[in-house]
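Numbering (the numbering used here), first residue to last: 1 to 567.
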Ligand code: ATP
Ligand code: MG
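Okay, here's the thing in C-alpha cells:
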C-alpha cells in the first residue's frame, strides 16, 4: 500500500470533542470519523485493525468448537415479547416499523433470535452441546453515547450462544469460553482481568467480565497478585482498622469547627482509618438510621441499598428534625428511635474516635456495648486499594477497567423455558436448554487497545492488531534511494508482511510525525546516506529505539521479528 493513496486524513490539532486518548488519537490518525452521535465510520486503517481483532476472535471461537454463522440484525418484536424483554430493555432498544406496520428491533444482542433458531430443530440431547456465534453490528440507543468507539450506538460485537443438555455441559462450555476470552485479550495485546460479575454466592462464578485495565475505564476495580479481581463495589473484605487516640476511657473533646474526617484525624494526629465516619440516612421505610464505617472508607451504595432499601442521606432539615448535627454525628448518645448499624470491621475495635452528637464535640475511647448499643453489624464499605485480599490477605491493587467482553451462564429459565425451546432428554422427556451467552465488543476492543498502547506522539499498535506491521519511509522524494525504499517495501510484502510505503512528497519530519501518530510498530527508514554505507534504519515504535540494519539480511531479520510478535 502506498501512503500517497491511503485514505487517512490526519488532524494536526486535538479534536475538542475527544476526552479520551483513544477517541482523540483514532480521530487524529484519520482512522475513524463521526457520522452522528454514537455513529462512526471506520476508515481504512481502523478497518484493517478491526479485521485483525475479528480474526483473533474467530480463531479462538473456532478453536473451542463454536460455529460461525450470521443472523439478521433486525429481529421481529414478537420474539422480544415472547422473552418478555421488550419492556425490560427499555429505550435502548431501537425499534422501527416496516411498510405493513410490523415492529422490528435493531438487535442490541441476539438471545431471542438464536433461541428461536434452535427451538424447533435441535431436538435431541444427542445433538448437544451446540455453540453458535456471529460477528455483526449491534444497536443500542445509549442514553449518553460518548468516548468514540467506547460507547457508541452502533458497534461491532461477537455474540455466541451455547445450548446444552445439562448444567455440567454448560459449565464445560463456559470454562472453554473463559479460556478463549483470556487468550483473545492476550493476543490483542490487552492486559485484562477476569472479574466476577456476580457475588459467587452459589460457589463458583456464573458470569465474568473481561476488564482491560486503563485509566479511562468506567469500572473501578480491585485485584490481587493471587488472581482475585472484583469490581470495588461488589467486593467484600475485612477492612483493617486502627484504634483511635486515648487510653480507652470515654472522653469528650472540644473540636470546634472540625466537622470532617480529615480535620478530626489531623486534630488528633491520627490516620483517618482511626476515626469513625457516621452517616445519617432515611431507609426505604422512612425510618432514621445512622451507619458507621471506618473513617477512610465510603459507605457502599449497593450494600446499603440491600440493607436499607431505597434509602437516602438525610437532608439538613431531616438532620435537624432527628436532633442530629452535621459533622458531629456518632454512636454515643444517639437520639432515641435511630437505628445504629456499624461496619463489621469495627466489631473488635474498642477505642472509637467519633462525633459526640453535640456541635463542636467528639468522643475518643468510645467502646461498643459499654458506651453504646449497636443494633446491627454488617458489611457496609466499598473495598479500596490497600485493603487485604479476601482470598489470600495480601494487599489489593486498584485501578479502572474497560469491559471488553462478558460470559454468562443463563441457565434454563430466562429464554429457553419462556420461549418453549426444549429438547428430548435420555428418557424422552422434553427439557429446556441450559443456555450460555458470550459477548465481545470488537470495536470497543480497538479503543481499549489504544488506551493501553499510546504515548504523546500517537498510537503504538501491538503487531497482532496493527493496521500495517511495517512502514517503509523514503527520505528522498525520488531517485535511487526512493527506488530502493520501494523495492524493500515490495520485498516485505512478498514475504507476507503488512507493509505501507510512505512514498509521499513530504519532508521527513512530517512523515515521522504521521507514522508515529498512526502507530505502525516498525518503521524502516531508507535514505541516501545509509544506503551508501549499505544500511537502513529501523525504528521500533514501542520504545523509540533505532538501529542500523545491514541491508543484506535486513528484510529476513525484520520478517522474523514481526512473525514472532504476531501471536
Ligand atoms: P456496558 O456495561 O459497558 O454498557 P454491557 O454489559 O451492557 O456493556 P454486554 O451486553 O455485556 O454489554 O455486551 C457485550 C460487549 O459489547 C460488552 O462487553 C462491550 O465490550 C460491548 N459493548 C456494549 N455496549 C457497547 C457500546 N455502547 N459501544 C461499544 N461497545 C459496547
Ligand atoms: Mg456486559
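The beta carbon of each residue, even a glycine, is placed where N, CA and C say it ideally should be.
Figure out for me which residue from 115, 65, 23 and 123 has the closest Cα to the Cα of residue 426.
The candidate whose alpha carbon is nearest that of residue 426 is 123.
Can you look up residue 18 in the DSSP assignment and give me helix, strand or coil?
Residue 18: coil per DSSP, three-state reduction.
How would you label residue 15, buried or exposed, when you count the other beta carbons within 10 angstroms and need 16 or more for buried?
Result: exposed.
With distance defined between alpha-carbon atoms, name the residue in 501, 562 and 402 nearest to residue 4.
Closest option to residue 4, Cα to Cα, is 501.
From 164, 279, 278 and 261, pick the residue whose C-alpha is nearest to that of residue 271; which is it?
When only C-alpha atoms are compared, the closest one is 261.
Hey, would you say the C-beta of residue 151 is under 7 Å away from at least one heavy atom of the ligand ATP?
Result yes, Cβ under 7 Å from the ligand ATP.
Examine the ligand ATP and report whether any of its heavy atoms sits within less than 7 Å of the Cβ of residue 102.
No, the Cβ of residue 102 stays beyond 7 Å of every heavy atom of the ligand ATP.
Find the nearest neighbour of residue 52 within the set 449, 432, 274 and 431, judged by alpha-carbon distance.
Among 449, 432, 274 and 431, the Cα nearest to that of residue 52 is on 449.
Measuring from the CB of residue 155, is there a heavy atom of the ligand ATP at a distance below 7 Å?
Yes, Cβ of residue 155 sits closer than 7 Å to a heavy atom of the ligand ATP.
Leaving out five residues on either side along the sequence, give the residues of the same chain with a beta carbon under 6 Å from the beta carbon of residue 396.
Excluding positions up to five away in sequence, the list reads 222, 224, 385, 387 and 389.
Verify the contact flag: residue 167, CB atom, against every heavy atom of the ligand MG, threshold strictly below 7 Å.
It does not: the Cβ of residue 167 is nowhere closer than 7 Å to a heavy atom of the ligand MG.
Answer yes or no: do residue 252 and residue 373 have a C-beta to C-beta separation smaller than 8 Å?
Cβ atoms of residue 252 and residue 373: not closer than 8 Å.
On the three-state DSSP scale, how would you describe residue 8?
DSSP places residue 8 in coil when its eight states are reduced to three.
Does the Cβ of residue 441 lie closer than 7 Å to at least one heavy atom of the ligand ATP?
Yes, the beta carbon of residue 441 sits closer than 7 Å to at least one heavy atom of the ligand ATP.
Tell me the DSSP secondary structure of residue 408 in three-state form.
Strand.
Where do the ends of the beta strand (DSSP E) carrying residue 537 lie?
Per DSSP, residue 537 belongs to the beta strand (DSSP E) from 535–540.
Would residue 337 pass as a contact of residue 288 if the rule is Cβ separation under 8 Å?
Yes.
For the beta strand (DSSP E) holding residue 518, just list the boundary residues, first then last.
No beta strand (DSSP E) contains residue 518, which is instead part of the alpha helix (DSSP H) from 508–518.
Apart from the five residues on each side of it in sequence, which residues of its chain come closer than 8 Å, Cβ to Cβ, to residue 54?
Result list for residue 54: 135, 156, 158 and 442, in chain order.
Could you check whether the Cβ of residue 90 sits closer than 7 Å to any heavy atom belonging to the ligand ATP?
No; taking the cut-off as 7 Å, the Cβ of residue 90 has no heavy atom of the ligand ATP nearer than that.
Is there contact here, the stretch 236–250 with the stretch 359–366, by at least three beta-carbon pairs under 8 Å?
With a cut-off of 8 Å, the stretch 359–366 and the stretch 236–250 count as touching, because enough Cβ pairs lie within range.
I'd like the list of long-range same chain contacts for residue 44, defined as Cβ closer than 7 Å, with 5 residues on each side in sequence excluded.
So the qualifying residues of the chain are 6, 7 and 8.
Within this structure, are the beta carbons of residue 488 and residue 524 separated by less than 8 Å?
Yes, the pair counts as a contact, with Cβ atoms nearer than the cut-off.
Kindly identify the DSSP beta-bridge partner or partners of residue 377.
342, per the DSSP bridge assignment.
May I ask which residues mark the beginning and end of the alpha helix (DSSP H) holding residue 552?
Where residue 552 is concerned, the enclosing alpha helix (DSSP H) stretches over 551–565.
Nearer than 7 Å: is that true of the beta carbon of residue 113 relative to any heavy atom of the ligand ATP?
The answer is no for residue 113.
To the nearest whole angstrom, what separates the beta carbons of residue 468 and residue 498, a pair I think is in contact under 8 Å?
5 Å between Cβ atoms; contact.
So residue 314 is in the beta strand (DSSP E); what residue range does that whole segment cover?
Run containing residue 314: none; DSSP gives neither H nor E here.
Roughly how many angstroms separate the alpha carbons of residue 561 and residue 215, rounded to a whole number?
C-alpha separation (whole angstroms): 31 Å.
Would you kindly check if the distance between the Cβ of residue 76 and the Cβ of residue 141 is under 8 Å?
No; because the gap between Cβ atoms is not below 8 Å, this pair is not in contact.
So, with DSSP's three-state summary, where would you put residue 252?
Note: residue 252 maps to strand in three-state DSSP.
Looking at the unbroken alpha helix (DSSP H) that takes in residue 169, where does it start and where does it end?
Looking at the DSSP string, the run of the alpha helix (DSSP H) that includes residue 169 is 167–187.
What's the gap between the Cα of residue 29 and the Cα of residue 120?
One C-alpha to the other measures close to 49 Å.
At what residues does the alpha helix (DSSP H) containing residue 444 begin and finish?
It spans 442–452 - the alpha helix (DSSP H) in which residue 444 sits, taken as one unbroken run.
Quick one: using the 10 Å Cβ neighbour count with 16 as the cut-off for buried, is residue 404 buried or exposed?
That one is buried.
Is any heavy atom in the ligand ATP found nearer than 7 Å to the beta carbon of residue 392?
Because no heavy atom of the ligand ATP lies under 7 Å away, the Cβ of residue 392 does not count as near it: no.
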